[in-house]
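Some notes on the structure that comes next.
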Amino acid sequence: MKEKILNAIKAIDPQGKTVVQLYNEISDAVMKNIEIKTCETQNKAAYYLSIEFLIGRMFYNNLLELGILEDVANILREKGVSIQMFEEIEDAALGNGGLGRLAACFIDSAAGLNLPLYGMGIRYKYGLFKQRFEDGFQEEFPDDWQSFGDPWSIRKEGERRVIRFADMDVTAVPYDVPIIGKDRINALRLYQAEGGKKAEQISEYLYPADDTEEGKLLRLRQEYFLSAAAVGDLIERYVRENGKGFAAFSKKNAVQLNDTHPVLAAVEFIRVLTHEYSVPFAKAVMIARETFNYTNHTILPEALECWPKKYIQALLPDIYDILVKLDSKQRRDCRKAGVEKADYAAMRIVQGTTFSMANTAVFLANKVNGVARIHTEILKESLFAPAYRNMPEKFVNVTNGITQRRWLQLCNAELSSLIDSCIGSKWREDVSLLGGMKEFAQDEKVLDGFVKVKREKKAQLAQYVQAKDGIVLLPNAIVYAQVKRLHEYKRQLMTAFAILEIYHKLKSGELKDFYPSVFLFGAKSAPAYFRAKGIIKFINEISKMIAADGDVNQKLQVVFVSNYNVSYAEKIVTGTDVSLQVSTAGLEASGTGNMKFMLNGSVTCGTMDGANIEIVEHAGRSNNYIFGAEVDEISRLKAEGYDPNAIFAKDPQMKRAVETLIDGTFTDGGKGYFQELYNSLTVGASWHKPDHYFIARDLPEYVDALLRINKDYASSDFVKKQFINMASAAYFSSDRSVSEYAEKIWKI
Ligand SMILES: *Cc1c(COP(=O)(O)O)cnc(C)c1O
5 MKEKILNAIK AIDPQGKTVV QLYNEISDAV MKNIEIKTCE TQNKAAYYLS
55 IEFLIGRMFY NNLLELGILE DVANILREKG VSIQMFEEIE DAALGNGGLG
105 RLAACFIDSA AGLNLPLYGM GIRYKYGLFK QRFEDGFQEE FPDDWQSFGD
155 PWSIRKEGER RVIRFADMDV TAVPYDVPII GKDRINALRL YQAEGGKKAE
205 QISEYLYPAD DTEEGKLLRL RQEYFLSAAA VGDLIERYVR ENGKGFAAFS
255 KKNAVQLNDT HPVLAAVEFI RVLTHEYSVP FAKAVMIARE TFNYTNHTIL
305 PEALECWPKK YIQALLPDIY DILVKLDSKQ RRDCRKAGVE KADYAAMRIV
355 QGTTFSMANT AVFLANKVNG VARIHTEILK ESLFAPAYRN MPEKFVNVTN
405 GITQRRWLQL CNAELSSLID SCIGSKWRED VSLLGGMKEF AQDEKVLDGF
455 VKVKREKKAQ LAQYVQAKDG IVLLPNAIVY AQVKRLHEYK RQLMTAFAIL
505 EIYHKLKSGE LKDFYPSVFL FGAKSAPAYF RAKGIIKFIN EISKMIAADG
555 DVNQKLQVVF VSNYNVSYAE KIVTGTDVSL QVSTAGLEAS GTGNMKFMLN
605 GSVTCGTMDG ANIEIVEHAG RSNNYIFGAE VDEISRLKAE GYDPNAIFAK
655 DPQMKRAVET LIDGTFTDGG KGYFQELYNS LTVGASWHKP DHYFIARDLP
705 EYVDALLRIN KDYASSDFVK KQFINMASAA YFSSDRSVSE YAEKIWKI
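Residues in the sequence shown are numbered consecutively from 5, following the working numbering.
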């Protein structure tokens, strides 16, 4: 196979061709010579249903996975073409953040582990919007990723399927994308909606604006579209191979629901079995329960989907009937099992005038999992406590992971070679061997090599930022990075205040010997999320003020890169010293950005939240900078009362930083963003108390941690800390996560 591909690439003549043309020709040469598996004939397979797959650039990754990246680079060099040229091809951003990137890492690991796991998602015409800043404000532009062509998918015309809504029929046409592993190539199947303008809308945008009823209905259509297309495929294939007795269905198929968006798949499954194959209802429910599993990603109440009954009744009357029947069955089951009234009320599928997708998922799932140990504990103790009391066997933890192929081998070839030179290259296939690097943490020569790599990656990052955003990074500075979706619970605003406090200390001369520092942000805000957009503008204002201040601008720099995406992340995680992971304890389910930084040798400056807890367990607390209230303290503060204004009053430096929101230091062009942020901290709003995310509680310790890092940075101890983090990161490989899913949940 490799020889055939390389010969086909050798035959390409680059003369007079554009980058896009060449990209398509080379990709085609690969696609013509590989075989993509779309199903199993004998064995059990698992299916990963996700509304997002944030794959990133496929070109380099696919060549790496095929083991021909260097060969192709050499062939192209001989033709006078640099392989780097293809960085011009932009990412297909069919996802928004961690949840979608997790799905991409999982299918990558499954292919690498030779496991039959198939992704199923939606082929959005436009991915997550492209972000630009206009006077520091976020502006959104459509992401027309197909303008570069789509050589990496195959349209499966013959496998189209009709999806029925009350008011229209929509055709789902699958496109198969190769997910390449060493010994197998699995399909990621993305469905495109066709059949007229209204039908096409369903797969037009990832996250249509849902601040209107129409937008919400479109979102519901998307969820059902994916669910019904995927279930239709699974059932049709099963019946073709096994006939219409469904007794063995769950011996052949396991389905993982990535969050609640595809939960209707389990309901659709029951609908098809009962309505189209005359399976009795109770039996259909039983088979669904052996087949479907649910991963929870958040406990934020506003992110837990509840669909108004009337929407489902209007668009999907048969699904409505099944949900009502499931709700009755749940009532009967609970009565029979003697479930407490309050527990039943909390677990109930029908919640007021809505159907709770999370409760439906828990009711129908074989296993329910959280994505980091603390998150699963929180699910068991609070969000799903009633379900856990009554069905403890359903709950399992699988801590998230990231693929070391994209997030180390591909993005950091330099560090990968250093590792090879210490422990050989077998770790590339068996990542658990990476732990062998711990033995080199005292080896001065290896540490020197490590420092050199970090310096080089920092230079590459600086080049990239300059090319993309036209900003020159301070040379030889510490790089602190906070890159992730913009959300209040992730507390980019707290970092902004910490920077302001440091800035004021520098101005007053209180800080001597401050090591030059760059604070790098990257984040997109949901288009309708007013406060998040205000935070972006606020940070950009801080950035501008500091850059213009000759007293400090050689010591401190704040850079908000635009259009943060997977390709940007690949540069940032390798060139960063300090990974900022500062969510309010209890609110970041796991995080995976934290793992990417760790694997590339950053220390974590963060709270005891999500996977940070396990990161610190593996790499040692003393090798990281942990601060802030832990989960118990946050709960206690919530119960006993928390008064941020009292803290502001006692801490003039904090007060000064916070008041820059309203004292005229900065302007938001009269749009009210900053006043709103200030109010959210000091007076609260309709649905939450002042400083809902406990910034005032944690800020002093945060500033302290950042300054401690600044002091420690110049010592060789700091390098050792970074190195030990890298050497301890094997546990956070998605190879480990996927193996756990395969054993504990899918039984494949
Ligand atoms: C890894 C990744 C994320 C998730 O980051 P968190 O810090 O875990 O929220 C989001 N976006 C992109 C582009 C990523 O690569």
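Beta carbons are placed, not taken as given, at the ideal position from N, Cα and C, and that holds for glycine.
Everything numeric in this text was worked out from a predicted model, so none of it was measured.
**Item:** Coarse secondary structure for residue 622, derived from DSSP in three states
**Value:** Counting from 1 along the sequence shown, the entry for residue 622 is found at position 618. DSSP places residue 622 in helix when its eight states are reduced to three.
Contact the region 627-636 vs the region 736-748: 3+ CB pairs below 8 Å: With a cut-off of 8 Å, the region 736-748 and the region 627-636 do not count as touching, because too few Cβ pairs lie within range.
task: Please report how far the alpha carbon of residue 709 lies from the alpha carbon of residue 191, in whole angstroms.
output: Taking the first residue of the sequence shown as 1, we reach residue 709 at position 705. Taking the first residue of the sequence shown as 1, we reach residue 191 at position 187. Straight-line Cα distance between these residues: approximately 45 Å.
For residue 614 versus residue 730, is the C-beta spacing smaller than 7 Å?
-> Residue mapping note: residue 614 aligns to position 610 of the sequence shown, counting from 1. Residue mapping note: residue 730 aligns to position 726 of the sequence shown, counting from 1. Against a cut-off of 7 Å, the Cβ pair of residue 730 and residue 614 comes out as no contact.
Any non-hydrogen atom of ligand 1 within 6 Å of residue 105 CB = Residue mapping note: residue 105 aligns to position 101 of the sequence shown, counting from 1. Yes, the Cβ of residue 105 comes within 6 Å of a heavy atom of ligand 1.
query: Which two residues bound the contiguous beta strand (DSSP E) that contains residue 132?
result: Counting from one through the sequence shown, the residue named residue 132 turns up at place 128. Here the beta strand (DSSP E) through residue 132 covers 131-138.
With DSSP run on the structure shown, which of helix, strand or coil describes residue 250? Numbered from its first residue, the sequence shown carries residue 250 at position 246. Residue state, collapsed to three classes: coil.
Exercise. CB-CB under 6 Å to residue 364, same chain, minus the five flanking residues each way: which ones, in chain order?
Worked result: Walking along the sequence shown from the start, residue 364 turns up at place 360. 267, 353.
My output table needs one value for residue 653: the three-state DSSP class, helix, strand or coil.
Position 649 of the sequence shown, counted from the start, is the residue given in the question as residue 653. Residue 653: helix per DSSP, three-state reduction.
- Since residue 65 is in the alpha helix (DSSP H), which residue starts that stretch and which ends it? Counting from 1 along the sequence shown, the entry for residue 65 is found at position 61. Segment 63-70, the alpha helix (DSSP H) holding residue 65.
Using a threshold of 6 Å, is the CB atom of residue 375 nearer than that to any non-hydrogen atom of ligand 1?
Walking along the sequence shown from the start, residue 375 turns up at place 371. Answer for residue 375: no, Cβ out of range of ligand 1.
First and last residue of the uninterrupted alpha helix (DSSP H) at residue 5
What you label residue 5 is simply residue 1 of the sequence shown in a count that begins at 1. Looking at the DSSP string, residue 5 is not in any alpha helix (DSSP H), and its letter there is neither H nor E.
Apart from the five residues on each side of it in sequence, which residues of its chain come closer than 8 Å, Cβ to Cβ, to residue 322?
-> In the sequence shown, the residue the question calls residue 322 occupies position 318. Taken in chain order, the residues that qualify are 275, 279.
**Request:** Helix, strand or coil for residue 98, going by three-state DSSP, please let me know.
**Result:** Working through the sequence shown from its first residue, we reach residue 98 at position 94. Three-state DSSP puts residue 98 in a strand.
- prompt: Can you name, in chain order, every residue of its own chain whose Cβ lies under 8 Å from the Cβ of residue 598, other than the five neighbours on each side?
  reply: Taking the sequence shown and counting its residues from 1, the one referred to as residue 598 is at position 594. 583, 585, 608, 610, 614, 615, 616, 619, listed in sequence order.
Local Cβ density within 10 Å of residue 248, reported as buried at 16 or more and exposed below that: What you label residue 248 is simply residue 244 of the sequence shown in a count that begins at 1. So residue 248 ends up on the exposed side.
Residue range of the unbroken alpha helix (DSSP H) whose run includes residue 464: Indexing the sequence shown from 1 puts residue 464 at position 460. Note, residue 464: alpha helix (DSSP H), 448-473.
*Return yes when the Cβ of residue 137 is within less than 7 Å of the Cβ of residue 566, no when it is not.*
On the sequence shown, residue 566 is found 562 positions in, with the first residue counted as 1. On the sequence shown, residue 137 is found 133 positions in, with the first residue counted as 1. Yes, Cβ-Cβ distance for residue 566 and residue 137 is below 7 Å.
Cβ-Cβ separation, residue 53 to residue 262 (assumed contact under 8 Å), whole Å: For this step, residue 262 is matched to residue 258 along the sequence shown. For this step, residue 53 is matched to residue 49 along the sequence shown. Contact check for residue 262 and residue 53: beta-carbon distance about 6 Å, within the 8 Å limit, so the pair qualifies.
Helix, strand or coil at residue 736 according to DSSP, with G and I counted as helix:
On the sequence shown, position 732 is the one that residue 736 refers to. Here residue 736 sits in helix by DSSP.
Which residues bound the beta strand (DSSP E) around residue 190?
Indexing the sequence shown from 1 puts residue 190 at position 186. From DSSP, the beta strand (DSSP E) with residue 190 extends over 189-198.
Quiz item: If we cut at 7 Å on Cβ distances, does residue 204 have a partner in chain C?
Solution: Judged by its chain identifiers, the structure shown contains no chain C, having just a single protein chain.
Would residue 703 and residue 498 be called neighbours here (beta carbons separated by less than 7 Å)? Translated into the one-based positions of the sequence shown, residue 703 becomes position 699. Translated into the one-based positions of the sequence shown, residue 498 becomes position 494. Closer than 7 Å, so yes.
Practice problem: Check whether the region 177-196 touches the region 233-253, taking contact to mean three or more Cβ pairs, one atom from each stretch, closer than 8 Å. | Solution: yes
Extent of the continuous alpha helix (DSSP H) to which residue 322 belongs: The residue given as residue 322 occupies position 318 in the sequence shown. Residue 322 -> alpha helix (DSSP H) spans 321-341.
Original post:
Tell me which same chain residues have a C-beta within less than 8 Å of the C-beta of residue 316, skipping the five on either side of it?
Top reply: The residue labelled residue 316 in the question sits at position 312 within the sequence shown. Counting only Cβ-Cβ distances below 8 Å, and skipping sequence neighbours, we find 224, 323, 324, 327, 359.
From 394, 655, 83, 307, residue whose alpha carbon lies closest to that of residue 14
Against the sequence shown, residue 14 aligns to sequence position 10. With respect to the C-alpha of residue 14, the residue from 394, 655, 83, 307 having the closest C-alpha is 83.
Fill in: Inter-residue CB distance, residue 229 and residue 281 (contact presumed, cutoff 8 Å)
Residue numbering aside, residue 229 sits at position 225 when the sequence shown is read from its first letter. Residue numbering aside, residue 281 sits at position 277 when the sequence shown is read from its first letter. Residue 229 to residue 281, Cβ: 22 Å. No contact.
task = Pull up the distance between the alpha-carbon of residue 386 and that of residue 648, whole angstroms please.
result = If you number the sequence shown from 1, residue 386 lands on position 382. If you number the sequence shown from 1, residue 648 lands on position 644. One C-alpha to the other measures close to 25 Å.
Margin query: Please classify residue 594 as buried or exposed, where buried requires at least 16 other C-beta atoms within 10 Å of its C-beta.
Written below: Stepping through the sequence shown from its first residue, residue 594 is reached at position 590. With 16 or more other Cβ atoms within 10 Å, it is buried.
Inset, instruction - Let me know the secondary structure DSSP gives residue 691 once reduced to three states. - result: What you label residue 691 is simply residue 687 of the sequence shown in a count that begins at 1. Three-state result, residue 691: coil.
Below 8 Å on the Cβ atoms is my contact criterion, and I expect residue 634 with residue 700 to pass it. Report the Cβ-Cβ distance as a whole number of Å. Here residue 634 is taken as the residue at index 630 of the sequence shown, counted from 1. Here residue 700 is taken as the residue at index 696 of the sequence shown, counted from 1. Between residue 700 and residue 634 the Cβ distance is about 16 Å, and since that is not below 8 Å, they are no contact.
Own chain, CB closer than 7 Å to residue 518, minus 5 neighbours either side, in chain order: One-based indexing of the sequence shown puts residue 518 at position 514. The answer, listed in chain order, is 510, 559, 714.
Is it the case that the Cβ atoms of residue 207 and residue 111 are separated by a distance below 7 Å? By 1-based counting over the sequence shown, the position of residue 207 is 203. By 1-based counting over the sequence shown, the position of residue 111 is 107. Cβ atoms of residue 207 and residue 111: not closer than 7 Å.
How would you write the range of the alpha helix (DSSP H) that residue 608 sits in, first residue to last? The sequence position of residue 608 within the sequence shown is 604, counting from 1. Taken as a continuous stretch (DSSP letters only), residue 608 belongs to no alpha helix (DSSP H), being part of the beta strand (DSSP E) at 607-610.
Quiz prompt | Paired residues, beta bridge with residue 126 - DSSP | solution = Taking the sequence shown and counting its residues from 1, one reaches residue 126 at position 122. Assignment of beta-bridge partners to residue 126 by DSSP yields 195.
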